Amino acid sequence: MAWVWFHRFGSPPHFYRLATRLTPWFAWPAALLCLAGLIGGLVLAPPDYQQHDGFRIIYVHAPAAWLSLMVYVVMATSAAVGLVWRMTVAYAVSASCAVIGASFTALALATGMLYGRPMWGTYWEWDPRLTSELLLLFLYLGYLGLRNSIDDVGRADRASAVLAIVGVVNVPIIHYSVIWWNSLHQAPTVMKFGRPSMPASMLVPLLLMLAGFTAYFVALLLIRARGELLRRERNARWIAEALGAAATGKV
Amino acid sequence: MSGQRVGLAAATGALIARDLRLALRRSGDTLQPLGFFLVVTALFPLALDPQLSLLRDIAPAALWVGALLSSLLALDLLFREDAQDGALEQLALCGLPFQGLLLAKTAVHWLLTGLPLVLIAPLAAIALGAPYEAMPGILSAVLLGTLALSLIGAVGAGLTMSLKRNGSLLALLVLPLAVPVLIFGARATALAIAGEPLAAPLYLLAAFTVFSATLAPWALAAAVRIGLE
Amino acid sequence: MNELTADNLQMWRGEQHVLRGIGAAVAGGECLQITGGNGAGKTTLLRALCGLIPLEAGRICWRGRDIGQDLAAFHAELNYLGHDNGLKADLTAAENLRYAAALRRRVPAQDIATAMARTGVAEAAGQLLRHLSAGQRRRVALARLALTGGSLWVLDEPGSNLDASGHTLLLELIEAHLQSGGVAVVATHRALELPAAQLRSLTLQ
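In the order they appear, the protein sequences are chains A, B and C. Going by my numbering, the first residue of the first sequence is number -16, and it counts up by one from there. Going by my numbering, the first residue of the second sequence is number 4, and it counts up by one from there. Going by my numbering, the first residue of the third sequence is number 14, and it counts up by one from there.
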């Protein structure tokens, strides 16, 4: 029974319709959650004992960093699904994830550097988390670079799928090797936010932002995946029907 | 035409012999990465204050970065030429396990780029004042590290072999994946030169190399097959 | 019993629908001749038959079994000669043949010499391939073909760069292969001069 659902999900017209219907269900909650999180974090939460107001950037930095990793996993998983079951939809999802993930990574890096300036005194301190983010950015850029340099879409899909799978398996290894490397000279870790030690007034807006970012990612992914499918299947018949239905407002 | 089918071992032997013979015939191409390694590692001290103490600190880093870059240089040739003249296709169609054959080619790459480094490393270490007891440690680190570099690099070479000759994409693909080798390898070498126990990074490096050897054959075969389409 | 069948092969290359429902059947002792203009997809079809390119739809069966089920066994009986010779320019003709044989089956040294003599490149045995003419290199490739055998021959424009005697040699080799019960699939511009009973034709648009 689950297989039937799985294969229907993999059919482009079905996915297209589903994505079109679901997008508002993720987009609006994303906006609301982020708004609530920002108000909670920027306005309502009290200033930190040590870092005063500077810590507030964590409300953007932490969700961005978390999402940069999650998007890579989604990208690699959908690429693997595409490789094994030869599904266009899976490849379209994987391709759509790449730029989104790279942007989250860049955002995490930028906010991390902005956070570092008042805390460390410099913009860059080879902190293990930021260094890992930087390497993750390189992995994304490699994926995008490989995709762009292969003309044939099918081959680009398959080659970048192999790369994504190799990358996702290596990400934890790279991350832990960087932590190990950094632990050799006890540099002060900056983003010290352990869950237990954070009061609820700080933690709740953070979780709201995290949920908001995730919903935003899903909404953005659905929109991009639809565009990607349109581009790939533009000669197929279902496109004309789907767009015709959209024009009459029936999708 | 008669005779029984050839097994994988004999075929890989023939493949390795062929590739080594080709490398010998094109000795210029083969020696270039080595020359590049020597130039790069020689540049570091020139850019720094020539005090021996500082050089000793920098040396492991310079060695490993040089090894990484020269390995990249040799990678581009690994599959590209065979892909262009149809020899790689014949390899894919000969009915023997493709993973094994590609690993044989990777082994040749290691013999031509990694092995020289393994041989040079003790000499370089002695020049930097390393105690003789450190030699086994340094040798192991360089051996494991260059093996891992060859394996990871081969996957990158397989993915880019059918693209226009563009070293920077290959570097972008391989370097992030090679970071653990750099971190553990340089650390192990530095500890060895300082005469301190280097079990920790060495074991981690060994684990990473074993892991690469497990993942690389699949990724390599998949990448090359896609490139041959 | 040697037989190659292809059923409703569909393949896209990027945007192009290159193979549209191609079907064919060739039995032992027969040669399938594939003709078509430039860019019609002959090379793509041949490589798909070898299992090098994945198909969107369709089946290829060798001896009644889908080749996807045991690709290695299929390849063990397959001998492919592509546009490129599949030989290394920096090895001599003799070294190339020795290596090609070493990948497949154990052959005594005199078989290599015989194959080279048969294809008329015996004098060039000790020369690097890059010093030979295109026609001579093609002959060495034909020597490799004859040497390594296989029940199924897939040849992509085997006659390119060959002179008249080369073409005769090619036909002799194919004939001998068919006589021994083998199957041949040949993409070619000009029609093969084989007896009609042994020839099947497929034209690609």
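We put the CB at the ideal spot given by N, CA and C, even for glycine. Remember, it's a predicted structure, so these values are computed and weren't measured experimentally.
For A/Gly137, is the beta carbon positioned less than 6 Å from some heavy atom of the ligand GDP?
Within the structure as shown, the ligand GDP is missing, as the structure has no ligands at all.
In chain C, which residues lie less than 8 Å from A/Asp140 when you measure between Cβ atoms?
Chain C residues near A/Asp140: none, gap ~11 Å exceeds 8 Å.
Which first and last residues belong to the beta strand (DSSP E) in which C/Trp25 is found?
Its beta strand (DSSP E) spans residues Glu16 to Arg26.
If we cut at 7 Å on Cβ distances, does C/Ala38 have a partner in chain B?
Chain B, which has no Cβ nearer than 7 Å to the Cβ of C/Ala38, makes this no.
Candidates C/Thr161, C/Ser173, C/Arg213 and C/Thr181: which alpha carbon is nearest C/His202's?
Among C/Thr161, C/Ser173, C/Arg213 and C/Thr181, the Cα nearest to that of C/His202 belongs to C/Ser173.
So what does DSSP say about C/Ser178, is it helix, strand or coil?
helix
Between the region 19 to 52 of chain B and chain A, which residues of the former have CB atoms less than 9 Å from a CB of the latter, in chain order?
none
Which residues in chain B have a C-beta closer than 8 Å to the C-beta of C/Gly99? List them in chain order.
Neighbours of C/Gly99 on chain B, chain order: Asp88, Gly89, Ala90, Glu92 and Gln93.
Using 8 Å for Cβ pairs, my map puts B/Val121 next to B/Leu146. What's the rounded Cβ distance?
Distance from B/Val121 to B/Leu146 at the Cβ level is roughly 5 Å; contact confirmed, criterion being Cβ atoms closer than 8 Å.
Where do the N-terminal and C-terminal ends of the alpha helix (DSSP H) with B/Gln102 fall, by residue?
Element bounds for B/Gln102: Phe101 to His112.
Spell out a yes or no on whether the region 175 to 183 of chain B and the region 17 to 30 of chain C are touching, meaning 3 or more CB-CB pairs, one atom from each, closer than 8 Å.
No: fewer than three Cβ pairs fall under 8 Å.
Using a Cβ-Cβ distance cut-off of 7 Å, determine whether A/Val149 contacts chain B.
yes
Compare the C-beta of C/His30 with all C-beta atoms of chain D and state if any pair is closer than 7 Å.
In the structure shown, chain D cannot be found, because the protein chains are A, B and C.
Can a CB atom of chain A be found closer than 7 Å to the CB of C/Gly179?
Not closer than 7 Å to any Cβ of chain A, the Cβ of C/Gly179 fails to qualify, so no.
Which residues in chain B sit within 7 Å of C/Gly88, going by Cβ to Cβ distance?
Looking at the sequence provided, one finds His at residue 88 of chain C rather than Gly. Result: Leu96, Cys97 and Gly98.
Looking at C-alpha atoms only, which residue of B/Leu37, B/Leu201 and B/Leu126 is the closest neighbour of B/Leu72?
B/Leu37
Indicate the three-state DSSP secondary structure (helix, strand or coil) for C/His30 in the structure shown.
strand
Please list the partners that A/Asp245 has in chain C, where partner means a Cβ-to-Cβ separation under 7 Å.
Here chain A has residues from -16 to 234 only, and residue 245 of chain A is not among them.
Alpha carbon to alpha carbon, how far is C/Gly99 from A/Pro(-4)?
44 Å
With a cut-off of 7 Å, does the C-beta of B/Val68 fall near any C-beta of chain A?
no
Is C/Asp2 close to chain B, meaning its C-beta is less than 7 Å from at least one C-beta of that chain?
This structure gives no information on residue 2 of chain C, because the portion of chain C shown stretches from 14 to 218.
Who are the neighbours of B/Leu75 on chain C, taking C-beta pairs under 7 Å?
Simply none; closest approach about 23 Å.
Taking the alpha-carbon positions, what's the C/Gly162 to B/Cys97 distance?
12 Å
Can you tell me whether A/His158 is buried or exposed, with buried defined as 16 or more other CB within 10 angstroms of its CB?
With 16 or more other Cβ atoms from the protein chains shown falling within 10 Å of its own Cβ, A/His158 counts as buried.
Rank C/Ala19, C/Leu32, C/Gly41 and C/Asn15 by C-alpha distance to the C-alpha of C/Ala210 and give the top, closest one.
C/Gly41
DSSP has C/Gln46 in a bridge; who is on the other side?
C/Gln46 pairs with C/Val199 and C/Ser214.
Given a cut-off of 7 Å on the beta-carbon distance, is the pair A/Val64 and B/Ala222 in contact?
No, they are not a contact pair.
Which class does A/Cys80 belong to by DSSP, given the choice of helix, strand or coil?
helix
Tell me the rounded alpha-carbon separation between C/Leu205 and C/His180.
9 Å
Quick one: Cα of C/Ala147 to Cα of C/Leu160, how far?
Approximately 20 Å, taken between the alpha carbons.
Taking C-alpha atoms, which residue in A/Thr94, A/Asp135, A/Gly227 and A/Cys80 lies nearest to A/Arg215?
A/Asp135
If you follow the beta strand (DSSP E) that C/Tyr93 is in, where does it begin and where does it stop?
Residues Leu91 to Leu94.
Give the range of the alpha helix (DSSP H) segment to which B/Leu126 is assigned.
Leu118 to Ala130
Roughly how many whole angstroms lie between the Cα atoms of C/Gly133 and C/Val196?
If I take the Cα positions, the gap works out to 24 Å.
Taking the alpha-carbon positions, what's the A/Ser184 to A/Ala14 distance?
20 Å
Identify whether C/Ala38 lies in helix, strand or coil by the three-state DSSP scheme.
Correct three-state label for C/Ala38: strand.
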